[in-house]
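Inspection log for the structure reproduced underneath, given as structure tokens.
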Amino acid sequence: RYFIGDKELDEKQVYKIRKCVEEAVAVGLIPDPMEYLAEKARLQMILDEMTWQSEERFNEIASNYKDLLLSDNLVELVNERLQTMAERDAEGLRQGNMSSEHDSEHKIERDNMGRLISYAQLLLKEARALGAELETAHLEVIRSICHVAMDPSHNTEEQTSEALTNAVRDMRPLFDESFVAYLKYAIAEEQAKLARAGSLDDPEQNRWLFVLKIVQEGVYAELSKGLSRYIDHIWYVLRMESKSERRMLLQKLIDVMPTMDVRPFVKIVDNIVASLGSGSKGEFDTAVIGGMTNKLLQLRRDVQELLPPERIRDMSKDADDWITRQREKLAESRKITKQRLRAAEETGTYEENTGIRGETERMT
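Start counting at 1 in the sequence shown, then tack on 1, and there's your number in the working numbering.
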């Protein structure tokens with residue numbers, strides 16, 4: 002049973018409220034309240050387990066809650082529990098019924114939360130290490146692009162440009178959201194470092210920055226081709242008059258969608274719908290997209306129904322396998338490059354006399 006004040010809600014009203022909340026979460030208007038409540042319940046579960054089990058089992062217990070301990074809500078959840086305990090302690094002191102048992106329970110819970118925070122800090126260190134590995138993979142993609150650009154077999158700018166275009170096109174599935182975000186991050190970090198050193202306009206010092214910007218420009222140009230195709234598909238669907246027509250056309254498009262396009266298409270739909278919430282907060286002009294809110298929400302629901310996770314996996318299998326093979330090749334290429342660099346250092350032919358790290362070293 003559900004109530005607003007003293008008024009009880011019927012099932013139809015509850016359904017409408019839940020639907021409204023789901024749509025608000027989907028477009029980014031509000032954080033998911035169910036996610037917060039679920040994590041709150043799981044924090045209670047892990048604290049209960051730590052209380053009931055021996056200290057020797059702490060690592061075993063905590064390892065089953067890694068996602069919770071890395072959640073953005075963890076600090077807020079812990080603070081909420083600490084505040085609640087402080088209020089109970091204060092209330093108990095005022096009423097004079099603060100028992101030693103009650104005080105002991107709170108001390109145990111505070112100690113357990115302290116241990117969880119320490120474990121979460123350890124997980125963050127592990128995450129940073131994984132981030133370093135991911136950065137290495139991204140740098141290997143950049144190195145592969147630079148390798149094509151520096152190929153001495155290209156005698157003219159036209160040949161180099163054509164080879165780069167073909168290479169970037171072939172590597173397009175590797176240009177995922179993580180890689181694009183890394184390029185943006187790497188450029189910002191390099192600019193900040195050069196600015197602090199007063200070398201931002203020094204051509205001898207900003208070569209790596211120019212390399213990153215050129216790679217970013219080429220990657221964006223390649224991604225924009227696919228993005229235009231996905232936007233065209235979405236626009237065709239939205240132009241249909243009725244819900245049934247929009248769903249039917251969407252289904253036909255999905256049935257013939259190439260394996261490389263499935264995941265990016267779903268991501269584009271999610272991003273467009275999520276942008277509705279940003280528009281409502283004044284972050285961009287909603288004159289065009291705002292008038293399509295209901296159609297976009299229906300598009301998202303239809304995509305979720307027509308492309309459930311298991312179908313996405315099936316349709317994307319060939320693309321996922323290809324990407325895995327490419328990443329393995331890049332890893333092997335990086336291994337060979339490091340071996341060559343090590344051999345070059347040992348023979349004294351490495352860039353030791355320049356006083357700075359070579360660009361090849363920085364990419365490996």
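From the three backbone atoms N, C-alpha and C, an ideal C-beta is built for every residue, glycine too.
State the DSSP-derived secondary structure class of E56, mapped to helix, strand or coil. In the structure shown, E56 sits in a helix (DSSP, three-state: H, G or I).
Closest by CA to P265, which one among S243, Y237, I232? Comparing alpha-carbon positions, the option among S243, Y237, I232 lying closest to P265 turns out to be I232.
Identify whether E9 lies in helix, strand or coil by the three-state DSSP scheme. In the displayed model, E9 falls within a strand according to three-state DSSP.
For the candidate residues E23, V263, Y66, whose alpha-carbon lies nearest to that of E311? Considering only alpha carbons, the answer is V263.
If you pair each beta-carbon of the stretch 45-52 with each one of the stretch 110-117, do three or more pairs fall below 8 Å? A contact is defined here as three or more CB-CB pairs under 8 Å, and the stretch 45-52 meets this definition with respect to the stretch 110-117.
To test your reading of the DSSP string, which unbroken alpha helix (DSSP H) runs of 4 or more residues are found completely within the stretch 28-74? Every alpha helix (DSSP H) of 4 residues or more that sits fully in the stretch 28-74 is shown, in chain order, as 34-53, 59-63, 67-70.
For D203, is the classification buried or exposed, using 16 other Cβ atoms within 10 angstroms of its Cβ as the cut-off for buried? With fewer than 16 other Cβ atoms within 10 Å, it is exposed.
For D303, count neighbouring Cβ atoms within 10 angstroms of its own Cβ and tell me buried if that reaches 16, exposed if not. D303 is buried by the Cβ-count criterion.
Is F176 helix, strand or coil when you go by DSSP? Judged by DSSP in its simplified three-state form, F176 adopts coil rather than helix or strand.
Residue closest to Q192, alpha-carbon to alpha-carbon, out of Y183, N207, S179: The option with the nearest alpha carbon to Q192 is N207.
Would the stretch 73-85 and the stretch 12-19 be scored as touching if the rule is three or more Cβ pairs under 8 Å? Result no; under three Cβ-Cβ pairs closer than 8 Å.
Rounded to a whole number of angstroms, what is the C-alpha to C-alpha distance between D152 and R314? Taking the Cα positions, D152 is about 37 Å away from R314.
Based on DSSP bridge pairs, tell me the residues matched to Y16. In DSSP, Y16 forms no bridge with anything.
Give me the Cα-Cα distance between M364 and I47, rounded to the nearest whole angstrom. Because M364 sits at a pLDDT of 42, beneath the cut-off of 50, its placement in the model cannot be relied upon, and the following sentence gives the value as read from the coordinates. Using only the alpha carbons, I get a separation of about 42 Å.
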